[in-house]
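Student:
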Amino acid sequence: MKYGKNINILLIDGYLKCTLANWTGVVYKIPRTELENCKEREDLKQSGVYVLFGTEEKVEKEEKVIYIGQANARKNGEGILSRLQEHKRNPKKAYWTEAIVFVTSNNSFGATEISYLESRFYELAIQAKRYVVKNENHPNSGNITEEKASELEEFIEYVQIQTFHSHLSIQK
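Heads up, the sequence shown is in the working numbering, so the first residue is 1093 and it goes up one at a time.
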């Protein structure tokens, strides 16, 4: 028998926090204009993966674009939020208006996990063909065990249940 999923969505100061019952993943949907409102969030100071969404003007049309990235927790206590702030200051990334961020409630992502997730989200975005992917290089998936890959594929499945699926129309 299939069961439903309990999705919790919390609106906080102009951005969204999404969780699923019985899952350690946390998804944030943060408008570029609301980054400053997130600076006290401890879970955004850790490692994670993010997708920047936006548009670029092309000849006679607007083009939907995304950039997929990762950020490790840094020695200075900064992490994914700091990386998003760097992108906000970067004139080459002026196109983005919204970020979707993937972290865990227990800070369990290491470098291997976020490299794998960044690479897989990149591949899924390319396959979906709904956005122009702005990454200059294909992210490296790293050296990961079969067991860890299985665990992270389940994480991706749960992410798809939440907000990422609606942006990229990723089908199994």
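By construction, the Cβ of each residue, glycine as well, lies at the ideal position given by its N, Cα and C atoms.
Taking the alpha helix (DSSP H) that L1173 belongs to, which residues open and close that run?
Tutor: Element bounds for L1173: I1172 to R1181.
Student: Considering only their Cβ atoms, is the gap separating R1222 from K1180 smaller than 9 Å?
Tutor: No, they are not a contact pair.
Student: For A1165, which residues in the same chain have their Cβ closer than 7 Å to its Cβ, ignoring the five residues on either side in sequence?
Tutor: Here the set comprises K1137, Q1138, S1139 and G1171.
Student: Relative to the C-alpha of F1145, which candidate in Y1250, E1152 and I1160 has its C-alpha closest?
Tutor: Here the closest residue by C-alpha is I1160.
Student: Any contact between the stretch 1098–1113 and the stretch 1226–1246? By contact I mean 3 or more CB pairs, one from each, below 8 Å.
Tutor: Counting Cβ pairs under 8 Å, fewer than three are found: no touch.
Student: Which residue spans inside the stretch 1133–1205 form an unbroken alpha helix (DSSP H) run of at least 4?
Tutor: As far as the stretch 1133–1205 is concerned, its whole alpha helix (DSSP H) runs of at least 4 residues are 1172–1181.
Student: Helix, strand or coil for T1111, going by three-state DSSP, please let me know.
Tutor: Correct three-state label for T1111: strand.
Student: Using DSSP bridges, identify the partner residues of V1119.
Tutor: DSSP lists C1110 and F1194 as partners of V1119.
Student: Taking the Cβ atom as the reference point for each residue, do G1117 and F1194 lie within a distance shorter than 9 Å?
Tutor: Closer than 9 Å, so yes.
Student: Restricting to Cα atoms, I'd like to know which of E1126, Q1219 and D1135 is closest to G1169.
Tutor: If we check each option's Cα against that of G1169, D1135 comes out closest.
Student: In whole angstroms, what is the alpha-carbon distance linking R1133 and V1151?
Tutor: Their backbone Cα atoms lie some 40 Å apart in a straight line.
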